[in-house]
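Participant: So that we are looking at the same thing, I have put the structure below in structure tokens.
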Amino acid sequence: MNVTIDSGRMKELVRESIEKPDKVTEVAAERFMLVDKDGKTRGALGVLADGSPFLGFYGAGGQPRVAVGVSGEGSSFIDLYDDAGRPRASLGVASDEAWLSLASSSGKSVARVEVPTRGSAQLTFRDEEKNARAQLVTAEDGCSMLLLSDQKGRLRSVMGVLEGATPLAELYDENGKSQVSLRIGRSNSPHLSSMMRREGIAPRWASRPARDHT
């Protein structure tokens, strides 16, 4: 049996298909690429070989500018890059911590904030050699500390408040040994002590204020 459609009906069907296209509810693919009028890649949405999903945006020269994704270990992240494609800022969340990292123009991390699920929160400043030079730490037990290190990453100075609200300041030598310590005990009496090396580390002098008997 032959079915014929007149030209008027055909035009009507064509018009309806243009005005009301079929609705697609699902598209499956491993990668979508966004290109500009010159064919340059400006964006990508896809899945890497290890199964990690990502969304990336690129500059006019093809350099990465923004990356959003989930790593193979399950950490989610947002990375920001400068106009040369160098990583400058990163925000991430893992199963055991959240972090914010800032980098210099060379791409090396110079500041990082870490907040673990449990335990101490930490702000770290690093030099160009990635050595931690200054750290601000707070712990669950109420301690808070400022730690300063030298160019080789060796701890040289600590200032903070210990558990029980005891203030403390300590200076260390190049081997990490405490040489000067100043603290105020639970009796509110300040205690200043110095250590020197004589066949090991021994007290050199200590000072406590005399009690006021007036």
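Numbering (numbering that gives the first Met the number 0), first residue to last: 0 to 213. Built from N, CA and C at the ideal position, the CB exists for glycine as well.
#1: Is Q121 buried or exposed, if buried means 16 or more other CB atoms sit within 10 Å of its CB?
#2: Determine the DSSP secondary structure at R14, reduced to helix, strand or coil.
#3: Hey, would you say M32 sits closer than 7 Å to A48, going by beta carbons?
#4: Compare the beta carbon distance of G224 and F76 with 7 Å and say whether it is the shorter of the two.
#5: Taking DSSP's pairing of strands, which residues face V160 in a bridge?
#6: To the nearest angstrom, how far is the alpha carbon of L135 from that of T123?
#7: Report yes if the CB atom of D140 is closer than 7 Å to the CB atom of T116, and no otherwise.
#8: Checking the sheet assignment: what are the DSSP bridge partners for V109?
#9: So, A168 versus L181, is the Cβ gap smaller than 7 Å?
#10: Name the DSSP beta bridge partners of R125, please?
#11: Mapping the DSSP letters down to three states, classify R30 as helix, strand or coil.
#12: Applying the criterion that 16 or more other CB atoms from any shown protein chain within 10 Å of the CB defines a buried residue, is R14 buried or exposed?
#13: Taking the alpha carbon of E113 as the point to measure from, which residue in A97, E128, G106 has its own alpha carbon closest?
#14: So is R236 buried or exposed if we call it buried at 16+ other beta carbons inside 10 Å?
#15: Looking at the secondary structure, which residues open and close the beta strand (DSSP E) in which A88 lies?
#16: Are the beta-carbon atoms belonging to G60 and P86 less than 7 Å from one another?
#17: Excluding the 5 residues flanking R197 on each side, which residues of the same chain have their C-beta closer than 7 Å to its C-beta?
#18: Are there 16 or more other CB atoms within 10 angstroms of the CB of A83, so buried, or fewer, so exposed?
#19: Please classify A27 as buried or exposed, where buried requires at least 16 neighbouring CB atoms within 10 angstroms.
Facilitator: On the basis of the data shown:
#1: Flag for Q121 reads buried.
#2: Shown here, R14 sits in a helix according to DSSP, grouped into three states.
#3: In this structure, M32 sits away from A48, with a CB-CB distance that is not shorter than 7 Å.
#4: The shown model of the chain, from 0 to 213, leaves out residue 224, and the question about it has no answer.
#5: Bridge pairing for V160: S143, P166 [DSSP].
#6: L135 and T123 have their alpha carbons spaced roughly 7 Å apart.
#7: No, the Cβ-Cβ distance between D140 and T116 is not below 7 Å.
#8: Residue pairing of V109 in beta bridges, as defined by DSSP: absent, with no partner found.
#9: Yes.
#10: As computed with DSSP, R125 is found in a beta bridge with A131.
#11: Per DSSP, reduced to three states, the secondary structure at R30 is strand.
#12: Counting of Cβ neighbours within 10 angstroms places R14 among the exposed residues, the total staying below 16.
#13: Checking every option, the nearest Cα to that of E113 belongs to A97.
#14: Outside the modelled stretch of the chain, which goes from 0 to 213, sits residue 236, for which no answer is possible.
#15: 86 to 92 is the extent of the beta strand (DSSP E) around A88.
#16: Their beta carbons are not under 7 Å apart, which means G60 does not touch P86 by this criterion.
#17: Summary for R197: the model assigns pLDDT 48, below 50, so the residue's position carries little reliability, and this model does not support an answer.
#18: With fewer than 16 Cβ atoms within 10 Å of its Cβ, A83 is classed as exposed.
#19: Classification for A27: exposed.
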